[in-house]
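First residue of the sequence shown: 1, per this note's numbering; consecutive thereafter.
Note that the Cβ used here is the ideal one computed from N, Cα and C, for glycine as well.
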Amino acid sequence: MENIINRTISESIHNAYSYFPVIAITGARQVGKTTLCKHLFPQFRYVNLEDLSTREIIADDMKKFIDGVQEGIIIDEIHHLPELFSFIQVAVDNNRDKRFILTGSSNLAMMQHLSQSLAGRVAVFTLPPLSVFEVQEQIQSFSTDELLFKGLYPAGYSLQIPPELLYSNYYNTYIERDVRQLINVKNLTLFQKFIRLCAGRAGSECNMSALSNEVGVSVPTINEWLSILEASYIIFKLPPFYDNIGKRLIKTPKYYFYDTGILCFLLGIENSKQLETHPLRGGIFENLIVAEFFKARFNKGKQPNCYFYRDSKGTEVDLLQLFGNEVNMFEIKSSQTFNAKYFDSINKVSAILGDRVKRTSVVYDGEDTRQNEQAGIYNWRELFSEGYKKLSEEK
Numbered sequence: 001m002e003n004i005i006n007r008t009i010s011e012s013i014h015n016a017y018s019y020f021p022v023i024a025i026t027g028a029r030q031v032g033k034t035t036l037c038k039h040l041f042p043q044f045r046y047v048n049l050e051d052l053s054t055r056e057i058i059a060d061d062m063k064k065f066i067d068g069v070q071e072g073i074i075i076d077e078i079h080h081l082p083e084l085f086s087f088i089q090v091a092v093d094n095n096r097d098k099r100f101i102l103t104g105s106s107n108l109a110m111m112q113h114l115s116q117s118l119a120g121r122v123a124v125f126t127l128p129p130l131s132v133f134e135v136q137e138q139i140q141s142f143s144t145d146e147l148l149f150k151g152l153y154p155a156g157y158s159l160q161i162p163p164e165l166l167y168s169n170y171y172n173t174y175i176e177r178d179v180r181q182l183i184n185v186k187n188l189t190l191f192q193k194f195i196r197l198c199a200g201r202a203g204s205e206c207n208m209s210a211l212s213n214e215v216g217v218s219v220p221t222i223n224e225w226l227s228i229l230e231a232s233y234i235i236f237k238l239p240p241f242y243d244n245i246g247k248r249l250i251k252t253p254k255y256y257f258y259d260t261g262i263l264c265f266l267l268g269i270e271n272s273k274q275l276e277t278h279p280l281r282g283g284i285f286e287n288l289i290v291a292e293f294f295k296a297r298f299n300k301g302k303q304p305n306c307y308f309y310r311d312s313k314g315t316e317v318d319l320l321q322l323f324g325n326e327v328n329m330f331e332i333k334s335s336q337t338f339n340a341k342y343f344d345s346i347n348k349v350s351a352i353l354g355d356r357v358k359r360t361s362v363v364y365d366g367e368d369t370r371q372n373e374q375a376g377i378y379n380w381r382e383l384f385s386e387g388y389k390k391l392s393e394e395k
């Protein structure tokens, strides 16, 4: 029996529904797009274009299909039949009371057609994997390593599928299949090597030339493959902060995975115990924290406002959030023991950015630190379960 998990993004979708005749929800496969749509709009007819027979029937007379929509309809994986976008445009222009809820797991295909056919008529949302906030009750007894290994894909919670089974099947069934559909991978072994190398570099600056040499393909191919992983919502880019502040800033982006469960699988981690001494444990923990900041923005229907800072002298801050001209800074540490030196880089960058800096905080894996919130010291669990809202909002 599948348990429904309340998704934070629901409020943003309901609000947009009052103003837009079309709601589009993108996101990786198996993050709960279908479940969310059926839960929010139970009165609407549902069709899934992943089903080939359904797709063929609709393709035979798309105008009749769209004209037959009464109050509203949920069309799942609409990118399989992109011609429908034009028919939907005509339908909502003729009758703004009609409602179309569209989902798709291919960002490239979805966004291209949404911008061309439905501009001004559609509100677009990205549904990420579950956030810590959404499953805080289920993970109360989890250690940090257990959460990193289990990840935050809904099937691990609603269906209780063990992570070692969930992510192996997910990789073989969805990631490799989608890659075959989106690009002509002549040697799948090279792509498999590439994605595992990306996992080993999660949270590090992405050197395309180094990846090219290690994988044995050209730099343009590396760029194409990274774009495909982004479009499939497997990885996301954290751009470097760049401003005219009189210092030479690094311009190479970092890449993170949307989910640490997939990341652990690609790194060959087979149980949470192995994380205790794993050399990349700090990077995996950082991945969790950065991904949560991205999820919080997506769940509000907003684009990420996150960056990292690094200059030519090696001064680095893990995460900067921009609110207009104001900056919040976060240093992320996987240690369970707080050290005042964690603020060293933040203090250096604060001196450079001056009055623009409104908050400086350290997020780490230590004990409950709510009593230290005024000092900007946060345990990750408390930050995302209770305190994230007040830190993330513009002041």
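- For the 8 Å CB-CB criterion, residue 312 and residue 231 do not form a contact.
- Residue 120 sits exposed, since fewer than 16 C-beta atoms from the chains shown fall within 10 Å of its C-beta.
- Residue 355 counts as exposed, since fewer than 16 other C-beta atoms from the protein chains shown sit within 10 angstroms of its C-beta.
- Judged by DSSP secondary structure, residue 285 falls within the alpha helix (DSSP H) whose first and last residues are 281-299.
- A direct Cα-Cα distance of roughly 10 Å separates residue 166 from residue 159.
- Fully contained in the region 66-93 are the following beta strand (DSSP E) runs of length 3 or more, in chain order: 72-76.
- Under DSSP, residue 361 forms a beta bridge with 330.
- Residue nearest to residue 31 within the set 53, 12, 126 and 15 is 126 (criterion: CA-CA distance).
- In the three-state DSSP reduction, residue 99 falls in the strand class (E or B).
- Pairing residue 23 with residue 45, the inter-Cα distance amounts to about 15 Å.
- Secondary structure of residue 240 (DSSP, three-state): strand.
- The C-beta distance from residue 149 to residue 261 rounds to 7 Å, short enough to fall under 8 Å.
- The beta carbons of residue 13 and residue 40 sit closer together than 8 Å.
- Per DSSP, the beta-bridge partners of residue 257 are 235.
- Annotated three-state conformation of residue 321 is strand, per DSSP.
- In terms of Cβ geometry, residue 258 and residue 202 do not form a close pair [threshold 8 Å].
- In this structure residue 42 is exposed. Its beta-carbon is surrounded by fewer than 16 other beta-carbon atoms within 10 angstroms.
- Check the Cα spacing between residue 339 and each of 59, 48, 304 and 375: the tightest is with 375.
- Each residue's CA atom was taken as its position, placing residue 157 and residue 92 some 37 Å apart.
- Residue 26 has 104 and 126 as its beta-bridge partners, per DSSP.
- Under the DSSP assignment, residue 310 falls in the beta strand (DSSP E) whose first and last residues are 306-310.
- Under the Cβ criterion (8 Å, minimum of three pairs), the region 205-212 does not count as touching the region 313-330.
- Rounded to the nearest whole angstrom, the C-alpha separation of residue 199 and residue 343 is 28 Å.
- Listed in chain order, the non-local C-beta contacts of residue 251 below 7 Å within the same chain comprise 240 and 242, local neighbours out to five positions each way being set aside.
- When the beta-carbon positions are compared, residue 315 and residue 272 stay at least 8 Å from each other.
- For residue 171, no beta strand (DSSP E) run applies, since DSSP gives it neither H nor E.
- C-alpha of residue 75 to C-alpha of residue 296: approximately 26 Å in a straight line.
- Counting the other Cβ atoms within 10 Å of the Cβ of residue 277 gives fewer than 16, which makes it exposed.
- Taking C-alpha positions only, residue 228 is separated from residue 49 by approximately 21 Å.
- In this structure, 236 is the residue among 236, 217 and 162 with its C-alpha nearest to the C-alpha of residue 303.
- By the neighbour-count criterion, in which a residue is buried when 16 or more other Cβ atoms sit within 10 angstroms of its Cβ, residue 135 is buried.
- Per the DSSP secondary-structure output, residue 377 pairs in a beta bridge with 362.
- Residue state for residue 3 is assigned as coil, using DSSP reduced to three classes.
- Closest in alpha carbon position to residue 360, among 326, 47 and 99, is 326.
- Under the 10 Å beta carbon count, residue 334 is surrounded by 16 or more other beta carbons and is classified as buried.
- Note: residue 45 is bridge-paired with 73 in the DSSP secondary-structure output.
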